[in-house]
Amino acid sequence: MENTNTQNRRSFLKSSMLAGGGLMLSFSWLANAQAADKMAAMNLPDQWNELNGYIKITPDNVIKIICPNPEFGQNVMTSLPMMVAEELDVDWKNVVVEMGPHDNVKLGMQFTGGSNSVRMYWKPLRNAGASARQMLIEAAAQTWGVPASEITTQTGVLLHSSGKSAKYGEMASKAATIPVPKEVKLKTPKDFSIVSHSKKNTEGVKVVTGKPLFGIDYKVDGMLIAMIQHPPAFGMKLKSFDASQALKMPGIKDIFSFKLYYDGFEQGGFDTRTSNEMIAIVGKSTWEVMNARKKIKAQWEPTGDIKETMMGRGGKREVTIPGRLETTSDQLALMAEYGKKPAQQLRKDGDPETAFINAALVIERTYNAPFLAHNTMEPMNFFAHVSEDKALVAGPLQAPGWMEPTLSKILNLPADKIEIQMTRMGGGFGRRAYGQYVYEAARISQRLKAPVKLIYTREDDMTYGIYRPMYTATYRAALDANKNLIAFHVKGGGIPENPIHANRFPAGAVDNYLAEAWEIPSNITIGAFRAPRSNFNAAAEQSFLDEVAEAMGKDPIAFRLDLLKRAKENPVGKNNEYDADRYAGVLELLREKSGWDKPENKGKKRGVAAYFCHASYAGHVVDIVMRDGQPYVEKVTSAIDCGIVVNPDAAKNMVQGAVVDGIGNAFYGALTHKNGAAEQSNFHNYRIIRHNEAPKEIDVHFVQNDIDPTGLGEPPFPPVFGAVANALYKSTGKRFYNQPFSSEMSKS
Amino acid sequence: MAKYSLKINGKTQQIDVDPSTPILWVLRDHLNMTGTKFGCGMAMCGACTVHLDGTAVRSCSLPVSAVGKQAITTIEGLSADGTHPVQKAWIEHDVAQCGYCQSGQIMSATALLKTNPNPTDEDIDNYMSGNICRCGTYLRIKEAIKAAAQK
Numbered sequence: 018m019e020n021t022n023t024q025n026r027r028s029f030l031k032s033s034m035l036a037g038g039g040l041m042l043s044f045s046w047l048a049n050a051q052a053a054d055k056m057a058a059m060n061l062p063d064q065w066n067e068l069n070g071y072i073k074i075t076p077d078n079v080i081k082i083i084c085p086n087p088e089f090g091q092n093v094m095t096s097l098p099m100m101v102a103e104e105l106d107v108d109w110k111n112v113v114v115e116m117g118p119h120d121n122v123k124l125g126m127q128f129t130g131g132s133n134s135v136r137m138y139w140k141p142l143r144n145a146g147a148s149a150r151q152m153l154i155e156a157a158a159q160t161w162g163v164p165a166s167e168i169t170t171q172t173g174v175l176l177h178s179s180g181k182s183a184k185y186g187e188m189a190s191k192a193a194t195i196p197v198p199k200e201v202k203l204k205t206p207k208d209f210s211i212v213s214h215s216k217k218n219t220e221g222v223k224v225v226t227g228k229p230l231f232g233i234d235y236k237v238d239g240m241l242i243a244m245i246q247h248p249p250a251f252g253m254k255l256k257s258f259d260a261s262q263a264l265k266m267p268g269i270k271d272i273f274s275f276k277l278y279y280d281g282f283e284q285g286g287f288d289t290r291t292s293n294e295m296i297a298i299v300g301k302s303t304w305e306v307m308n309a310r311k312k313i314k315a316q317w318e319p320t321g322d323i324k325e326t327m328m329g330r331g332g333k334r335e336v337t338i339p340g341r342l343e344t345t346s347d348q349l350a351l352m353a354e355y356g357k358k359p360a361q362q363l364r365k366d367g368d369p370e371t372a373f374i375n376a377a378l379v380i381e382r383t384y385n386a387p388f389l390a391h392n393t394m395e396p397m398n399f400f401a402h403v404s405e406d407k408a409l410v411a412g413p414l415q416a417p418g419w420m421e422p423t424l425s426k427i428l429n430l431p432a433d434k435i436e437i438q439m440t441r442m443g444g445g446f447g448r449r450a451y452g453q454y455v456y457e458a459a460r461i462s463q464r465l466k467a468p469v470k471l472i473y474t475r476e477d478d479m480t481y482g483i484y485r486p487m488y489t490a491t492y493r494a495a496l497d498a499n500k501n502l503i504a505f506h507v508k509g510g511g512i513p514e515n516p517i518h519a520n521r522f523p524a525g526a527v528d529n530y531l532a533e534a535w536e537i538p539s540n541i542t543i544g545a546f547r548a549p550r551s552n553f554n555a556a557a558e559q560s561f562l563d564e565v566a567e568a569m570g571k572d573p574i575a576f577r578l579d580l581l582k583r584a585k586e587n588p589v590g591k592n593n594e595y596d597a598d599r600y601a602g603v604l605e606l607l608r609e610k611s612g613w614d615k616p617e618n619k620g621k622k623r624g625v626a627a628y629f630c631h632a633s634y635a636g637h638v639v640d641i642v643m644r645d646g647q648p649y650v651e652k653v654t655s656a657i658d659c660g661i662v663v664n665p666d667a668a669k670n671m672v673q674g675a676v677v678d679g680i681g682n683a684f685y686g687a688l689t690h691k692n693g694a695a696e697q698s699n700f701h702n703y704r705i706i707r708h709n710e711a712p713k714e715i716d717v718h719f720v721q722n723d724i725d726p727t728g729l730g731e732p733p734f735p736p737v738f739g740a741v742a743n744a745l746y747k748s749t750g751k752r753f754y755n756q757p758f759s760s761e762m763s764k765s
Numbered sequence: 039m040a041k042y043s044l045k046i047n048g049k050t051q052q053i054d055v056d057p058s059t060p061i062l063w064v065l066r067d068h069l070n071m072t073g074t075k076f077g078c079g080m081a082m083c084g085a086c087t088v089h090l091d092g093t094a095v096r097s098c099s100l101p102v103s104a105v106g107k108q109a110i111t112t113i114e115g116l117s118a119d120g121t122h123p124v125q126k127a128w129i130e131h132d133v134a135q136c137g138y139c140q141s142g143q144i145m146s147a148t149a150l151l152k153t154n155p156n157p158t159d160e161d162i163d164n165y166m167s168g169n170i171c172r173c174g175t176y177l178r179i180k181e182a183i184k185a186a187a188q189k
């Protein structure tokens with residue numbers, strides 16, 4: 018039985034009977050999604066515009082809410098179901114949350130990334146909850162022969178003034194026959210009893226008891242273990258190999274080389290791959306495969322320049338990937354050289370050239386940041402079982418909908434014959450939006466016609482990463498004789514991508530403004546890393562603004578507030594991306610909560626930074642003390658405006674984590690190269706922040722408002738870098754321009 | 039290959055593996071106990087932490103041949119339902135983000151509390167610094183350890 022209610026082209030709700038009775042409600046995900054326009058801009062296939070999810074209520078009153086998006090620690094398996102449960106009006110204790118299968122028609126885009134989950138699903142999920150509730154009320158009204166208007170709900174129970182009552186489950190089958198309401202009324206935030214009330218992680222018990230939640234834990238009978246020997250450096254490829262000794266090792270089934278993509282394959286934006294031909298080692302157990310792998314004798318040779326066909330923004334294009342074997346010192350020299358050349362103009366307001374000529378003082382500073390490895394604690398891995406006519410793949414991934422078309426092409430199977438299961442991810446940070454390891458597992462399974470789990474070692478994961486790009490930017494500020502800021506110029510570039518967000522603060526706040534960018538092609542693979550580009554900009558720009566404020570003789574927060582006042586009252590130029598009021602609000606809250614205006618305690622030095630990204634506003638005040646002669650971030654005060662906070666305690670956890678991550682990467686994060694090979698391979702030489710280096714206290718404050726939720730996973734991360742740099746200046750008297758700061762410290 | 043009889047979580051388990059096989063892979067591949075995690079393979083991250091006669095060890099670097107009669111305890115051995123005081127503290131403080139490192143963190147914390155029932159912040163920092171959390175949940179881990187210490 019099925020009722021469909023078409024509201025408009027992109028929006029429909031559908032109810033149906035569960036097998037064995039009960040209500041199942043599917044609904045449009047994107048009916049009211051603010052991000053719909055952004056998705057279109059990302060060139061997503063049309064079919065993703067109609068996207069659905071599920072609520073299931075069984076006759077025995079089990080309320081099951083399906084989480085569409087893969088979980089990587091951002092807590093969507095709790096926050097998204099909370100939004101449904103709020104409007105459905107059920108007891109949270111009775112809700113069972115289940116990770117959904119991959120189904121872009123029924124469950125939506127299912128993309129974890131871009132701080133999108135909560136903001137994209139905020140209205141559609143609440144609509145679904147409210148619609149189901151309304152249908153249950155209607156079902157009860159018909160059953161009892163009373164007007165629907167006389168029926169209310171109370172945490173999963175339907176109540177009538179006559180004293181009649183029924184649990185949702187009792188009315189669920191009847192509700193499935195009720196037409197889906199055309200319009201439903203959503204609660205106002207003051208009436209929320211689940212949303213904005215902290216709920217514990219729905220998988221918390223499973224995590225602490227070691228249940229097999231993660232991709233690496235996936236196992237089926239007869240499953241083989243595979244590892245891959247990639248080339249030893251970017252710019253190298255397989256020439257030949259001898260596996261005769263390795264094949265004699267115990268437990269080894271097969272060793273072979275294979276190509277990931279066929280010749281002429283058109284790469285989508287998330288098909289980034291580190292190399293195209295590799296050696297697979299397959300055997301019965303991980304340790305046996307690891308040992309056999311060491312016995313392979315492989316010869317490698319330079320790739321030379323490679324021509325590739327890319328499908329991305331702006332359609333199909335041919336690109337040449339340079340074959341050079343890169344070394345970090347050369348990369349830095351090349352970036353410095355490019356920084357002096359003319360670049361592409363991204364935005365210009367007023368007459369910056371003249372303003373700089375007429376300036377009484379010009380401040381110019383250059384900032385550099387290295388490649389960063391994601392280093393998810395769970396290394397890349399994936400399960401695949403590919404047979405003649407179908408494929409099952411399962412494991413940790415952020416974007417199943419982007420990987421399915423590629424799997425379909427490289428396996429030569431129709432998309433509907435490919436089943437993708439999403440496990441919990443042991444971290445993502447952007448890395449698992451790229452499907453190379455998924456495709457590798459599928460290719461290996463296809464060849465062996467057997468179930469296979471591919472596992473990367475930490476060394477594989479780190480040395481053949483899809484890194485945060487290497488970035489640089491030169492900032493210039495022009496001050497007039499009265500120390501007013503009259504012009505601002507940023508010129509930035511990177512390997513192989515530039516970091517510039519031309520329409521962000523302080524664009525809009527300065528009369529004469531220029532943003533320019535350039536890029537250096539490279540064979541080192543890069544991709545999204547928690548708050549892409551922003552994670553560099555916030556470090557560079559926020560450090561620079563601190564220096565400008567100092568030159569102007571202004572307090573760093575007061576200086577930013579002055580600029581924001583200007584941007585609000587008399588904005589310069591067009592397309593300014595940020596809301597000056599919300600930006601200022603975060604700074605004001607930060608000033609209050611950090612005690613910014615009180616004198617610093619002896620030995621404690623402070624730095625501030627605030628940044629806008631993923632539609633949210635975040636700032637930090639970092640307190641540094643010297644400990645054993647080394648600067649130590651002892652306390653951080655954080656202020657965030659991400660609109661309504663769905664799950665406050667988990668949100669606080671996320672912000673604290675972003676602060677720790679930011680401090681760690683600012684001080685220690687770096688992936689360098691020598692002749693194309695990564696110089697760091699494991700945690701002995703890639704330093705990750707540890708317990709004793711984390712602050713003693715991270716005091717998190719959210720701006721209280723009723724604005725629909727905006728992003729949270731990424732926004733608190735970027736400004737940490739700037740706040741750390743500014744506090745370091747206060748405590749050491751030295752400005753830090755090059756990440757990681759620990760390296761710059763040891764050089765000074 | 040060689041036969042070993044291992045005492046794991048109070049049960050005796052028979053396995054036939056290469057003597058160099060780390061306990062991590064014995065647990066994960068041969069005994070299907072996947073609560074103990076692979077993170078680095080060189081004892082640098084602590085994701086694979088188990089107890090050997092009550093002492094925290096990195097199972098990725100502990101060959102099966104070195105275990106002998108010593109008793110192994112894994113995350114599954116604390117409790118299957120999350121009722122061990124340290125697990126309870128983790129749930130109470132909603133520590134986990136991605137959760138991958140947490141079985142190792144919990145095993146380290148449990149071993150710490152065994153020898154030091156009332157650790158200071160500095161004790162916790164020193165003891166726990168071998169366990170990396172990429173999500174940055176260190177502050178909550180510390181709170182949870184202090185809460186468990188009170189139980």
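First to last, the sequence lines map onto chains F and R.
The first sequence finishes on residue 765 if you use my numbering, and the numbering steps up by one all the way, no holes.
The second sequence finishes on residue 189 if you use my numbering, and the numbering steps up by one all the way, no holes.
Idealized CB from N, CA, C, for every residue including glycine.
Small disclaimer: the values here were computed from a predicted structure and weren't measured.
In the DSSP assignment, the alpha helix (DSSP H) including residue i goes from what residue to what residue?
| i | result |
| --- | --- |
| F/K365 | Run containing F/K365: none in the alpha helix (DSSP H); it sits in the beta strand (DSSP E), Q361 to D366. |
| F/Q756 | Looking at the DSSP string, F/Q756 is not in any alpha helix (DSSP H), and its letter there is neither H nor E. |
| F/R799 | Absent from the model: residue 799 of chain F. The displayed extent of chain F is 18 to 765, so no value can be given. |
| F/G739 | P735 to T749 |
| R/R96 | Run containing R/R96: none in the alpha helix (DSSP H); it sits in the beta strand (DSSP E), T93 to R96. |
| F/P417 | P417 to L428 |
| F/N398 | Counting along the chain, F/N398 falls outside any alpha helix (DSSP H), though it belongs to the beta strand (DSSP E) covering N398 to V403. |
Please name the residue in the options whose C-alpha comes closest to that of residue i.
| i | options | result |
| --- | --- | --- |
| F/G412 | F/D640, F/F231, F/E609 and F/M137 | F/F231 |
| F/A575 | F/A626, F/N593, F/Q438 and F/S551 | F/A626 |
| F/G340 | F/I323, F/S346, F/G356 and F/G331 | F/I323 |
| F/E187 | F/P164, F/W613, F/N293 and F/V79 | F/V79 |
| F/T654 | F/N520, F/R599, F/D725 and F/P712 | F/P712 |
| R/Q108 | R/S167, R/V88 and R/P155 | R/V88 |
| F/I661 | F/L581, F/P538, F/V676 and F/A632 | F/A632 |
| F/L124 | F/I82, F/A459 and F/L428 | F/I82 |
| R/C44 | R/I162, R/T112 and R/K189 | With the sequence shown as reference, residue 44 of chain R is identified as Leu, and Cys is not the correct amino acid for it. Taking only the C-alpha atoms, the option nearest R/L44 is R/T112. |
Take residue i and list the residues in its own chain whose beta-carbon comes closer than 6 Å to its own, dropping the five residues that flank it on each side.
| i | result |
| --- | --- |
| R/A127 | A182, A185 and A186 |
| F/E558 | none |
| F/Y746 | R752 |
Report all residues from its chain with a CB closer than 7 Å to the CB of residue i; omit the five preceding and five following residues, and keep chain order.
| i | result |
| --- | --- |
| F/P369 | A504, H506, N529, Y530 and L531 |
Which partner residues does residue i have in the DSSP bridge list?
| i | result |
| --- | --- |
| F/P141 | Note: F/P141 sits in no beta bridge, so no partner. |
| F/Q171 | F/V174 |
| F/W535 | F/G510 |
| F/L389 | F/R485 |
| F/D271 | F/V299 |
| F/M244 | F/I298 |
| F/A626 | F/H637 |
| F/Y649 | F/V642 |
| R/S146 | The partner list for R/S146 (beta bridge, DSSP) is empty, contrary to what the question assumes. |
The beta strand (DSSP E) with residue i in it runs from where to where?
| i | result |
| --- | --- |
| F/F258 | M253 to D259 |
| R/A109 | A109 to T111 |
| F/M328 | I323 to G329 |
| F/A675 | No beta strand (DSSP E) contains F/A675, which is instead part of the alpha helix (DSSP H) from P665 to Y685. |
For residue i, which residues from the same chain have a beta carbon less than 8 Å from its beta carbon, with the 5 sequence-adjacent residues on both sides left out?
| i | result |
| --- | --- |
| R/C136 | R172 and C173 |
> Going along the region 167-188 of chain R in order, which residues come within less than 9 Å of chain F, judged by CB to CB distance?
Replying inline: Cβ contacts with chain F come from S167, G168, N169, I170, C171, R172, C173, G174, T175, Y176, L177, R178, I179 and K180.
> Going along the chain, which residues of the region 50-72 of chain R sit with their C-beta nearer than 9 Å to a C-beta in chain F?
Replying inline: So the list reads V55, D56, S58, T59, P60, L62, W63, V64, R66, D67, H68, N70, M71 and T72, given in the order they occur along the chain.
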